[in-house]
Amino acid sequence: MSDYKVIGIDLAKRKLHFAAINLENKVVLKKAMDRKSFFENLSIMFPKSETFVFEACGGAHYMAQRLESMGHKAILLKPKDVKAYAKVRQKNDINDSIAICKASCDPDLMHVKAKTVGEQEISYLHKARQNIIQQRIQRSNALITSLFEFGYLVTCGKSTFAKTCQNFVNLALEEGFINKTIADQMLLDCEEISQLIVREQMLDKEIAARNRCSEKAKILETIPGIGTINASILSIKPVEAYDSAKDFAASLGLVPKQNTTGGKIILGRITKQGDRYARTMLIQGARSLLMRSYKKNMPQGKLSEFIERLKEKGKSFNVMAVAIANKLARITYGCLISNSNYQVL
């Protein structure tokens, strides 16, 4: 039997501060070590299988993978949940690790599922894609503004943007509105935007290829409004950790914030908790689904009936989109829990 109830670790880039509590919830160990020494001496310090707890911060998933590969159990907690237990006046790393131990003893706190290497790779692909899109939009807007200052208005889409801008730059150079130095700089901007578009397309292909190898992603792609990107990011969500579809939708921040008192229920805006990127992409998928319903280009079923009821209530487009995103999150939960494709009912 283990000598410790849990061991809380405060993660840092170089040093690890950890504390352990026994079955009586008394602190019986306080120590600080660098990462290399920690892993080298782990089997000596803790020869039995122990439960390690730490915040879900940078490097936490790697730490969980290492500890589990060495026969230990790793539990990740949300940093905001741990903060409530850090009640001592002095804020230091050892006190933080003790607070982590205390928080882990709360049975009502939800744990964060440690990602596998494959899930980390998928998360990285989405982060890289998001960064590239942001860079492309910033560079494109700057170039559009610059050309407009010289009298040329660019109104084309992404696919022909770089070529159209190059033509405008060459035309401006011929007509004498800009000199060669400015033209060369603008053409360089066009080339960089073109490269960003190519990189974005490559990432889209890689995400689609990984979806073809994932049973969860294949199931999710059968849901209307859940495309390649949504299927990919939702396929790595730990839906089995939630008791109901409502809880899963709430974890993505797609439920209204409650302010209930005296038996009077007051609902406000959505909470916007959880994964912002997943919530944003779900709402984008809901927008496309809503547009399809306006164009009468959507299969009949309970989902289409739900959308029609929203339209009859006269709600704004954005309010309806969020409501549909909530519904899509619930459908996602149902399909993944039952391990079955979406059926139009």
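1 is the number of the first residue of the sequence shown in the working numbering; add one for each residue after it.
Ideal Cβ positions, reconstructed from N, Cα and C, are used throughout, including at glycine.
Boundaries of the beta strand (DSSP E) harbouring residue 18: 15 to 21, taken from the DSSP string. For residue 229, same chain residues with a beta-carbon under 7 Å away, outside a window of 5 residues either side, are 207 and 281 in chain order. Nearest to residue 257 by alpha-carbon distance, out of 270, 40, 246 and 265, is 270.
Short of 8 Å from the beta carbon of residue 171, and not among the five residues preceding or following it, lie these beta carbons of its own chain, in chain order: 152. Under DSSP, the beta-bridge partners assigned to residue 51 are 73. Just so you know, the alpha carbons of residue 44 and residue 237 end up roughly 35 Å apart. The three-state secondary structure of residue 254, taken from DSSP, is coil. 169 is the residue among 157, 163, 169 and 304 whose C-alpha sits nearest the C-alpha of residue 150. Between the alpha carbons of residue 93 and residue 300 lies a gap of roughly 57 Å. Under the three-state reduction of DSSP, residue 207 is assigned to helix.
Residue 74 and residue 85 do not touch by the CB rule: their CB atoms are close to 19 Å apart, not below 8 Å. Secondary structure within the region 55 to 124: the alpha helix (DSSP H) runs of 4 or more consecutive residues, fully enclosed, are 60 to 69, 79 to 83 and 93 to 104 (chain order). Restricting attention to 194, 184 and 131, the CA atom closest to the CA of residue 160 is found in 194. Annotation note: the region 213 to 257 contains no uninterrupted beta strand (DSSP E) run of length 3 or greater. Within 10 angstroms of the beta-carbon of residue 291 lie fewer than 16 other beta-carbons, which makes it exposed.
Using a Cβ-Cβ distance cut-off of 8 Å, the region 3 to 20 and the region 29 to 46 are in contact, since at least three pairs of beta carbons, one from each stretch, lie closer than that value. Annotation note: the region 150 to 197 contains the following uninterrupted alpha helix (DSSP H) runs of length 4 or greater, listed N- to C-terminal: 158 to 174. Secondary structure at residue 270: strand, using DSSP grouped into helix, strand and coil. When the alpha-carbon of residue 196 is set against those of 97, 111, 298 and 139, the nearest one is in 139. The region 122 to 140 makes no contact with the region 36 to 50; the number of CB pairs closer than 8 Å stays below 3.
Boundaries of the alpha helix (DSSP H) harbouring residue 303: 302 to 312, taken from the DSSP string. The straight-line gap separating the alpha-carbon atoms of residue 118 and residue 179 is approximately 50 Å.
Contact between residue 233 and residue 289 is absent: CB atoms are separated by about 17 Å, not below the 8 Å threshold. Its chain contains 225, 226, 227, 230, 325 and 328 as the residues whose beta carbon lies nearer than 8 Å to that of residue 285, once the 5 sequence neighbours on both sides are disregarded; these appear in chain order. Checking the DSSP bridge columns, you'll see residue 8 partnered with 19 and 53.
In the three-state reduction of the DSSP assignment, residue 261 falls in the strand class. The C-alpha of residue 254 is placed about 12 Å away from the C-alpha of residue 277. Spanning the alpha carbons of residue 9 and residue 305 requires a straight line of approximately 50 Å. Closest by C-alpha distance to residue 203, out of 344, 130 and 185, is 130. From the listed residues 295, 14 and 221, the smallest Cα separation to residue 331 is found for 221. For a cut-off of 8 Å, the C-beta gap from residue 114 to residue 65 is around 7 Å, short enough to register as a contact.
For residue 30, the enclosing beta strand (DSSP E) stretches over residues 27 to 34.
Shortest Cα-Cα distance from residue 188 to any of 216, 166, 173 and 205 involves 166.
Apart from sequence neighbours up to five positions away, the residues of its chain that approach residue 335 with a beta-carbon distance below 8 Å are 219, 220, 222, 223, 341 and 342, ordered along the chain.
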